[in-house]
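Asker: Each protein sequence line maps, in turn, to chains U and Y.
Per numbering that gives the first Met the number 0, residue 0 is the first one in the first sequence, and the count goes up by one each step.
Per numbering that gives the first Met the number 0, residue 0 is the first one in the second sequence, and the count goes up by one each step.
Number of protein chains: 2
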Amino acid sequence: MKITLKTDVLTNNNKAAEFNRNLFESTNTLVINIMSSPGAGKTTLLEETVRALSGKYKIGVIEGDLATEKDANRIRAMGARATQINTYGGCHLDARMVAASLAEFDLEEIDLLFIENVGNLVCPSGYDLGEHHKVAVLSIPEGNDKISKYPQMFMRTELVLLNKIDLLPYLDFNVAEARKDLSEINPESELIPLSARTKEGLHEWFSWIEGAYAKCI
Amino acid sequence: MKITLKTDVLTNNNKAAEFNRNLFESTNTLVINIMSSPGAGKTTLLEETVRALSGKYKIGVIEGDLATEKDANRIRAMGARATQINTYGGCHLDARMVAASLAEFDLEEIDLLFIENVGNLVCPSGYDLGEHHKVAVLSIPEGNDKISKYPQMFMRTELVLLNKIDLLPYLDFNVAEARKDLSEINPESELIPLSARTKEGLHEWFSWIEGAYAKCI
């Protein structure tokens, strides 16, 4: 019974994901789903990304949160189109929520669409949203053990942005060890150390996006 | 159908929680369920708690994680009895998992039992484990917006341990604002700023535990 229901839920999700994917393809929109623990720095990273790339691309952002419009307001203040999904307790976005929010964009006019998922290192990675790429943000204060302790997330993402490297002098975090743990769980995954706050390393993330856009469109 | 199933899941959980609660009462065991985002510092806090209080109380710890035995090993190294629950992708502990793990303790011999939940600021707070107290850990690097963005967690806990205050000089976090946000969402909740790493403020947390123990037993 439990298995049947989970299958149904995922089947419905996958139908909506397919709908989204077709829409993204027909409108030439590159879509990146960004996931992390609460407070790893997804919104600050997106603010900097909008600031740096909005001269080159038309950018839209879907913000997922249990409550408040705070993150969408932060993105709007940077000049990008943003819409907020509130899950009211729900622990992840699903493809139907994303499909419903797409009505707020003219996708023909959007080159890059970022989806900032609910802050949660567990549930979001299990749901296909129809995106082209899944990216995880891991921040230095969370500690070295997170990649092995939350393997499902890091097995399913193709890029890890290791954020808040400006705090490395004050914390015991070993970047080489994180690379090693990631290569064991997901040898294909890339890892980019950066700081959204000091902007160190951001150029590598922007190059990654430009490469993904060039391949996709 | 969805509602019925959720009711069933919670009914089953509540039956197991009631079983746990009766057992804790009959064995005079004070039980504290600790919840937070990944990497907020729950395990380090428990290491320090075991170190400080194991002369006075017999302490047991149940560790919840998706994968690995790392946290239970850290607690065992401090000299406390610890058991590890691996949820294999599950985003929270439930009362049945806790009930099953209680067989590994002689509760007659345990004064304080800590349950370290899966690192997740969303799902764990919705499940009664039969515990006496729910405590949230929020860490400075996660940022000021978390209390309003994850209201279900902070409405359901009665104490917030604001961890990693040793990082306050390097980050924009306003403790007074966190107190204000918490008092709006949950006026009954206490908040203790501390650092498990530098030990600043830990005595207040230990006093809170001693007070809770005195009231419960």
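Beta carbons: idealized from backbone N, C-alpha and C, even for Gly.
These figures come from a predicted structure and were not determined experimentally.
Note down the Cα distance separating U:Gln-83 from Y:Gly-210, rounded to an integer number of angstroms.
Answerer: Here residue 83 of chain U corresponds to residue number 84 of the first sequence, with the count starting at 1. Here residue 210 of chain Y corresponds to residue number 211 of the second sequence, with the count starting at 1. Taking the straight line joining both Cα atoms gives about 43 angstroms.
Asker: With 16 as the cutoff for other CB atoms within 10 Å, does U:Asn-27 come out buried or exposed?
Answerer: Position 28 of the first sequence, counted from the first residue, corresponds to residue 27 of chain U. When all chains shown are included, U:Asn-27 counts as exposed.
Asker: Could you say which of Y:Ile-164, Y:Tyr-149 and Y:Lys-163 lies nearest to Y:Leu-181 if we only look at CA atoms?
Answerer: The residue you call residue 181 of chain Y lines up with position 182 of the second sequence. Measuring from the Cα of Y:Leu-181, the nearest candidate turns out to be Y:Tyr-149.
Asker: Please list the partners that Y:Asp-144 has in chain U, where partner means a Cβ-to-Cβ separation under 7 angstroms.
Answerer: Working through the second sequence from its first residue, we reach residue 144 of chain Y at position 145. Result: Lys-69.
Asker: In three-state DSSP terms, what is Y:Leu-45?
Answerer: For the purposes of this step, residue 45 of chain Y is taken as the residue at position 46 of the second sequence. Helix, per DSSP.
Asker: When DSSP labels each residue in this structure, what does U:Arg-80 get in the three-state scheme?
Answerer: For this step, residue 80 of chain U is matched to residue 81 along the first sequence. Collapsing the DSSP output to three states places U:Arg-80 in a strand.
Asker: Starting from U:Glu-53, find everything on chain Y with Cβ-Cβ shorter than 9 angstroms and list it in chain order.
Answerer: Residue numbering aside, residue 53 of chain U sits at position 54 when the first sequence is read from its first letter. Reading the sequence as shown, one finds Ser at residue 53 of chain U and not Glu. In chain order: nothing, as chain Y lies at least about 23 angstroms away.
Asker: On the three-state DSSP scale, how would you describe Y:His-91?
Answerer: Numbered from its first residue, the second sequence carries residue 91 of chain Y at position 92. Of the three classes helix, strand and coil, the one that applies to Y:His-91 here is coil, per DSSP.
Asker: In terms of residues, what are the limits of the beta strand (DSSP E) holding Y:Ile-114?
Answerer: Translated into positions along the second sequence, residue 114 of chain Y becomes position 115. DSSP places Y:Ile-114 inside the beta strand (DSSP E), whose first and last residues are 111-115.
Asker: Answer with yes or no whether the minimum CB distance from Y:Val-60 to chain U is below 8 angstroms.
Answerer: Sequence index remark: in the second sequence, residue 60 of chain Y carries index 61 (1-based). Closer than 8 angstroms: no.
Asker: Do U:Ile-61 and U:Leu-29 have their C-beta atoms within less than 8 angstroms of each other?
Answerer: The residue you call residue 61 of chain U lines up with position 62 of the first sequence. The residue you call residue 29 of chain U lines up with position 30 of the first sequence. No, Cβ-Cβ distance for U:Ile-61 and U:Leu-29 is not below 8 angstroms.
Asker: Going along chain U in order, which residues have a C-beta closer than 8 angstroms to the C-beta of Y:Asp-64?
Answerer: Here residue 64 of chain Y corresponds to residue number 65 of the second sequence, with the count starting at 1. Correct list: Lys-148.
Asker: Count the other CB atoms within 10 Å of the CB of Y:Lys-214; is the residue buried (16 or more) or exposed (fewer)?
Answerer: Mapped onto the second sequence, residue 214 of chain Y falls at position 215. Y:Lys-214 is exposed by the Cβ-count criterion.
Asker: Label U:Pro-186 either buried or exposed according to how many other C-beta atoms from any shown protein chain fall within 10 Å of its C-beta, with 16 as the threshold for buried.
Answerer: Locating residue 186 of chain U in the first sequence gives position 187, where the first residue counts as 1. Answer is exposed; the Cβ neighbour count stays below 16.
Asker: Please check the pair U:Ile-164 and U:Ile-139, which I expect to be a contact at CB under 8 angstroms, by giving their CB distance rounded to whole angstroms.
Answerer: Here residue 164 of chain U refers to the residue found at position 165 when the first sequence is read from its first residue. Here residue 139 of chain U refers to the residue found at position 140 when the first sequence is read from its first residue. Right, their Cβ atoms sit about 6 angstroms apart.
Asker: Assuming U:Val-136 and U:Ala-39 make a contact with CB atoms under 8 angstroms, what is their CB distance in whole Å?
Answerer: The residue given as residue 136 of chain U occupies position 137 in the first sequence. The residue given as residue 39 of chain U occupies position 40 in the first sequence. So it is a contact: roughly 5 angstroms between Cβ atoms.
Asker: Give the interface partners of Y:Lys-163 over in chain U, defined as CB-CB distance under 8 angstroms, in chain order.
Answerer: The sequence position of residue 163 of chain Y within the second sequence is 164, counting from 1. By Cβ distance, chain U contributes Pro-140.
Asker: Where does Y:Val-121 sit, in a helix, a strand or coil, going by DSSP?
Answerer: In the second sequence, counting from the first residue as 1, residue 121 of chain Y sits at position 122. Residue state, collapsed to three classes: coil.
Asker: Tell me whether the segment 42-49 of chain U and the segment 105-119 of chain U touch, counting them as touching only if at least three CB pairs, one residue from each stretch, are closer than 8 angstroms.
Answerer: The segment 42-49 of chain U makes contact with the segment 105-119 of chain U: 3 or more CB pairs, one atom from each, lie closer than 8 angstroms.
Asker: Alpha carbon to alpha carbon, what distance is there between Y:Met-34 and Y:Val-134?
Answerer: Here residue 134 of chain Y is taken as the residue at index 135 of the second sequence, counted from 1. Here residue 34 of chain Y is taken as the residue at index 35 of the second sequence, counted from 1. If you take the alpha carbons of Y:Val-134 and Y:Met-34, they lie about 6 angstroms apart.
Asker: Within 8 angstroms of any Cβ in chain U, is that where the Cβ of Y:Ser-36 sits?
Answerer: Here residue 36 of chain Y is taken as the residue at index 37 of the second sequence, counted from 1. By this cut-off, Y:Ser-36 is an interface position.
Asker: Which residues, taken in chain order from the segment 107-127 of chain Y, show a beta carbon closer than 9 angstroms to some beta carbon of chain U?
Answerer: Val-117, Gly-118, Asn-119, Leu-120, Val-121, Cys-122 and Gly-125
Asker: Provide the residue span of the alpha helix (DSSP H) that contains Y:Leu-29, from first to last.
Answerer: The residue you call residue 29 of chain Y lines up with position 30 of the second sequence. Unbroken run through Y:Leu-29 is the beta strand (DSSP E), 29-35; no alpha helix (DSSP H).
Asker: How big is the Cα-Cα spacing for Y:Val-159 and U:Asn-21?
Answerer: In the second sequence, the residue the question calls residue 159 of chain Y occupies position 160. In the first sequence, the residue the question calls residue 21 of chain U occupies position 22. Computed Cα separation, rounded: 45 angstroms.
Asker: Since Y:Asp-64 is in the beta strand (DSSP E), which residue starts that stretch and which ends it?
Answerer: By one-based count along the second sequence, residue 64 of chain Y stands at place 65. Where Y:Asp-64 is concerned, the enclosing beta strand (DSSP E) stretches over 58-64.
Asker: Just the C-alpha distance for Y:Arg-75 and U:Ala-195, rounded to the nearest angstrom, thanks.
Answerer: Numbered from 1 along the second sequence, position 76 holds the residue referred to as residue 75 of chain Y. Numbered from 1 along the first sequence, position 196 holds the residue referred to as residue 195 of chain U. C-alpha separation (whole angstroms): 37 angstroms.
Asker: What did DSSP end up calling Y:Lys-217 once you bin it into helix, strand or coil?
Answerer: No answer is possible for residue 217 of chain Y: the residues shown for chain Y start at 0 and end at 216.
Asker: Taking 8 angstroms as the limit between beta carbons, can you name the residues of its chain near Y:Ile-58, skipping five residues before and five after?
Answerer: As a working mapping, residue 58 of chain Y is identified with position 59 in the second sequence. Within the same chain, Y:Ile-58 has close Cβ partners Thr-48, Val-49, Leu-52, Ala-79, Arg-80, Ile-109, Asp-110, Leu-111, Leu-112 and Phe-113.
Asker: Taking the Cβ atom as the reference point for each residue, do Y:Ala-94 and Y:Asn-12 lie within a distance shorter than 8 angstroms?
Answerer: Working through the second sequence from its first residue, we reach residue 94 of chain Y at position 95. Working through the second sequence from its first residue, we reach residue 12 of chain Y at position 13. Cβ distance < 8 angstroms, so Y:Ala-94 and Y:Asn-12 count as in contact.
Asker: Provide the residue span of the beta strand (DSSP E) that contains U:Pro-186, from first to last.
Answerer: For the purposes of this step, residue 186 of chain U is taken as the residue at position 187 of the first sequence. Note, U:Pro-186: premise wrong, no beta strand (DSSP E); not H, not E.
Asker: Between U:Gln-83 and chain Y, is there a C-beta pair that is closer than 8 angstroms?
Answerer: As a first step, residue 83 of chain U is located in the first sequence; it is residue number 84 there, counting from the start. Output row for U:Gln-83: interface = no.
Asker: Classify U:Tyr-87: buried if its beta carbon has 16 or more other beta carbons within 10 angstroms, exposed otherwise.
Answerer: If you number the first sequence from 1, residue 87 of chain U lands on position 88. Exposed: under 16 other Cβ atoms inside 10 Å.
Asker: If you drop the 5 nearest sequence neighbours on each side, which residues of the same chain put their C-beta closer than 8 angstroms to that of U:Phe-18?
Answerer: By one-based count along the first sequence, residue 18 of chain U stands at place 19. Excluding sequence neighbours, U:Phe-18 sits near Ala-94, Ala-98 and Gly-129.
Asker: What residues match up with Y:Lys-133 in a beta bridge as DSSP calls it?
Answerer: Against the second sequence, residue 133 of chain Y aligns to sequence position 134. DSSP output for Y:Lys-133 lists Y:Asn-32 as bridge partner(s).
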